[in-house]
Each structure stands twice: as C-alpha cells, then as structure tokens.
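Chemist: Residue numbers (the working numbering): 649 to 784.
This structure is in structure tokens; I'll ask about it shortly.
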C-alpha cells in the first residue's frame, strides 16, 4: 500500500508544471504535474499561485492552494501519482488495460497511445473501439 506525503511543491511557470516531491517512507521522488490537469483554472504566468499549503493535519497527504485571481483548489498526493506515475495501480493506463482486455489487441493500438490521445474514461475508450470495430 502506498502512502505518499508531500515534501516540496514549487510552481514552474516556464514549463507550465508544479514540481512536486513526494516522500514514501525514506524514498523521495520528484514529479512534474502539468497545470492543464486543473481544467477549470487558468494557471500560468498571468495567474500565479498566491499560496501553496501542505496540510499537516492530514499527515502531509493533502495540498491546498490559492491563485492570484482568488480561486482556490486542493488535491491529495494520490492525484499526483494518478497523472504522473504509470506504475500507480489506479493510473489511467491500468484502468484502460482492465476495461479493454481482449479488445485492445484487435484494434492494434497501444494503451499508451489511447491514454495520451484521448484523456477519457475507460468506458468511453471501450465504446470508441467497439464502434470502430463495427464500422470496419
């Protein structure tokens, strides 16, 4: 069972990412979480982070932030793993593999290509492949 904790979080406006260091036990690993995952917020050099706070009450496993335009947000450490770590059990790649099982080989596409190109839920991808197979 993974138990990641936030160690350091820094915005990098030039790259358009949050540089996040997570600690699991004695190991620390850095990730780059793109601003684009926060779909409803326009984060960038014109709308910077006013504050980023690691929540100590929740065991350093949650982070909250405020932007210059006043919008607020928060997310758990698992959110970073979901988007940035392909070995994470609940990552989009693994969800697609579970949902598509035998259908993926017939379509001759890789899971990584689907995940990168579509960003949908696994059920949407399954439906898309089924429609594609029927149309041929």
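No residue lacks a Cβ here, since even glycine has one placed at the ideal position from N, Cα and C.
#1: Taking buried to mean at least 16 other C-beta atoms within 10 Å of its own C-beta, is residue 668 buried or exposed?
#2: The alpha helix (DSSP H) with residue 729 in it runs from where to where?
#3: Could you spell out the range, first to last residue, of the beta strand (DSSP E) harbouring residue 598?
#4: On the DSSP letters alone, give me the boundaries of the beta strand (DSSP E) that residue 658 sits inside.
#5: Compute the Euclidean distance between the alpha carbons of residue 711 and residue 698, then round it to the nearest angstrom.
#6: Nearest CA to the CA of residue 694: which residue from 716, 677 and 682?
#7: On a CA-only basis, which of 652, 650, 702 and 686 is nearest residue 658? Give me that one, please.
#8: How is residue 686 classed by DSSP in three states: helix, strand or coil?
#9: What do you get for residue 649, buried or exposed, if any count of 16 or more other CB atoms within 10 angstroms of its CB means buried?
#10: Would you decide whether residue 665 is buried or exposed? Buried here means 16 or more other CB atoms lie within 10 Å of its CB.
#11: When DSSP labels each residue in this structure, what does residue 716 get in the three-state scheme?
Modeler: In short, the structure shows the following:
#1: Within the chain shown, residue 668 is the residue found at index 20, counting from 1. With 16 or more other Cβ atoms within 10 Å, it is buried.
#2: Here residue 729 refers to the residue found at position 81 when the chain shown is read from its first residue. Looking at the DSSP string, the run of the alpha helix (DSSP H) that includes residue 729 is 725-732.
#3: Residue coverage of the chain in this structure runs from 649 to 784, which leaves residue 598 outside it and unanswerable.
#4: On the chain shown, residue 658 is found 10 positions in, with the first residue counted as 1. 653-660 is the span of the beta strand (DSSP E), which, as asked, contains residue 658.
#5: Taking the chain shown and counting its residues from 1, one reaches residue 711 at position 63. Taking the chain shown and counting its residues from 1, one reaches residue 698 at position 50. C-alpha separation (whole angstroms): 14 angstroms.
#6: Numbered from its first residue, the chain shown carries residue 694 at position 46. Out of 716, 677 and 682, 716 has the C-alpha closest to the C-alpha of residue 694.
#7: The residue given as residue 658 occupies position 10 in the chain shown. Nearest option by C-alpha distance: 702.
#8: Translated into positions along the chain shown, residue 686 becomes position 38. Residue state, collapsed to three classes: coil.
#9: Position 1 of the chain shown holds residue 649. Unreliable positioning characterises residue 649 in this predicted model, as indicated by a pLDDT of 38, which lies under 50. A coordinate reading is not provided.
#10: Walking along the chain shown from the start, residue 665 turns up at place 17. By the neighbour-count rule (16 or more Cβ atoms within 10 Å), residue 665 is buried.
#11: Against the chain shown, residue 716 aligns to sequence position 68. The answer is coil: DSSP assigns residue 716 none of H, G, I, E or B.
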